[in-house]
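The sequence shown maps to residues 502 to 899 in the numbering used here.
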Amino acid sequence: MDLLNTLVEKGLRRESPTREEALAVLATSDDELLDVVAAAGKVRRAWFGRRVKLNYLVNLKSGLCPEDCSYCSQRLGSKAEILKYTWLKPEEAAAAASAGVAGGAKRVCLVASGRGPTDRDVERVTKTIAAIKEQNEEVEVCACLGLLSEGQASRLKDAGADAYNHNLNTSEATYGDITTTHTYADRVETVQQAQAAGMSACSGLIAGMGESDEDLVDVVFSLRELDPDSVPVNFLIPFEGTPLAKEWNLTPQRCLRILAMVRFVCPDVEVRLAGGREVHLRSMQPLALHLANSIFLGDYLTSEGQAGKDDLAMIADAGFEVEGADTTTLPEHRRDAAAHGGCGGHGEGGCGPCGGGEPAAVPADGADAPEAVTAGGPRTDLVAVRRRGAGTDLPPNA
Ligand code: SF4
């Protein structure tokens, strides 16, 4: 297939596909799917080998957000029956982080619901980072606290935050349909503040919110332009109690095409398989490891993920290996360019999706029979609110 040969060659040169080529990847047929995965897999292996980086989410503050992001279980007015709690103490967060590190996580993502942190919140997070690094000196810490005010990025960097996450989530054209309490431009500005302060930027998207192929290509090209070091790809978890509860429109095949397109557009960037992989990829999850070089271990912010031990078994069974603490994730040219050389060489994504976390849902009543399995049909039986880990009395899933 000429298209795929061209895309592999471009990916190996860190050259951007055209918009038409990116759209063509999304339009491939199921007959072509394995060829698409194999082609994008060549680009993935060229830059990241068979390594899989593990990341672990710690939800520092859960629920009760004044913002109205439609995909988020923590949004204003959400009826999702998620855990709600205010800031974890530094030692509680450090204990949760240690569980993730013990499970193989190389990065801990500290997420807090809300529009953005107050200076007092930044002070709390500073203490939390210190507590985590005291126990696990080598672990990368990524903060995900919402929109930043002037000076806060530098304070987080000085506190030891290695990275900052703030997702673009969707295209600029449709952003106003998803959220009204802040703008796409606000999000871009926060990512740029993090970069300017010297933190590694993490910014990604959420697929499955009713967007078009053009929207998906738009947001991924915008991410390439913004030049983050890592791009989390979330698949909407349609939580009951949120406005997008009925948006069950992804299939495993669609998810794989989206991941392949992201890999071709951002060939040498850490592409992270994020929230919703269990719900939408289901038994096809291992194929996604040929496209993404990074995943979240265990649970998400407000929903439960696959058991951590099953994540590790999946990686081993698929012939991949967990990336060790002594290995640098990014290819050398990106490290040397202070990570601002372009997600391909030209200059270079609740918070958990509000950063890497997840859009939200209420679990199906255990007494109910599972709904029929149809391509893209509702699978509410697969969505469970997180009841374990930080903020609960139950041990974390790592
Ligand atoms: S994504 Fe973040 S800012 Fe938006 S509603 Fe959720 S917690 Fe609030």
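We put the CB at the ideal spot given by N, CA and C, even for glycine.
Exposed unless 16 or more other CB atoms sit within 10 angstroms - verdict on V874: In this prediction, V874 has a pLDDT of 43, which is less than 50 and means its spatial position is unreliable; nothing more can be read from the coordinates.
Per DSSP, I707 is paired with what? N735
What separation, rounded to the nearest whole angstrom, lies between the Cα atoms of L558 and V609? 6 Å
Just to confirm, does G878 get its C-beta within under 7 Å of one of the non-hydrogen atoms of ligand 1? no
Starting from R656, follow the alpha helix (DSSP H) in both directions and report where the run begins and ends. Q653 to A660
Runs of alpha helix (DSSP H) lying entirely within the region 581-634, each at least 4 residues, in chain order: 591-603
Would A596 count as contacting chain C if we go by Cβ distances under 8 Å? No chain C appears in this structure, which consists of one protein chain only.
Ligand 1 and G709: does the residue's C-beta get closer than 7 Å to at least one heavy atom of that ligand? no
So, V642 versus A662, is the Cβ gap smaller than 8 Å? yes
Local conformation of K554 per DSSP, three classes: strand
When the Cα atoms are used, what is the spatial distance from R887 to P896? 12 Å
Could you say if the region 757-768 and the region 536-544 meet the contact criterion of at least three C-beta pairs nearer than 8 Å? yes
Quickly, what does DSSP pair E771 with across the bridge? List them, please. S731
Among R520, N506, L505 and G550, the one whose alpha carbon lies nearest that of H791: G550
Using alpha carbons as the reference points, say which of N637, V692, N666 and L717 lies closest to A674. L717
Secondary structure, alpha helix (DSSP H): runs of 4+ residues fully inside the region 793-843: 809-818 and 833-837
Is the beta carbon of N794 sitting closer than 8 Å to the one on E771? yes
Quick one: measure Cβ to Cβ for I759 and V553, integer angstroms, because I've assumed they're closer than 8 Å. 19 Å between Cβ atoms; not a contact.
Would L611 pass as a contact of V623 if the rule is Cβ separation under 8 Å? no
Measuring straight from C-alpha to C-alpha, what distance separates A539 and S655? 41 Å
So, helix, strand or coil for V642, using DSSP? strand
When the Cα atoms are used, what is the spatial distance from L751 to L774? 15 Å
Measuring alpha carbon to alpha carbon, tell me which of P832, L745, A697 and A597 ends up nearest G709. L745
Does DSSP classify A664 as helix, strand or coil? strand
Quick one: what's got a C-beta closer than 8 Å to V537's C-beta in the same chain, skipping five residues either side? L505, V526, T529, L757, R758 and A761
H781 - containing alpha helix (DSSP H), residue span: R778 to H781
When the Cα atoms are used, what is the spatial distance from E533 to D714? 18 Å
Using only the heavy atoms of ligand 1, determine whether one of them is closer than 7 Å to the beta carbon of C767. no
L646 vs A613 beta-carbon contact at 8 Å: yes
Does at least one heavy atom of ligand 1 sit under 7 Å from the Cβ of G652? no
Do three or more CB pairs link the region 626-636 to the region 592-604 at distances below 8 Å? yes
Relative to ligand 1, is the shortest distance from any of its heavy atoms to the C-beta of E582 smaller than 7 Å? no
The region 558-567 contacting the region 827-836, beta-carbon criterion three pairs below 8 Å: no
What's the gap between the Cα of S672 and the Cα of T803? 24 Å
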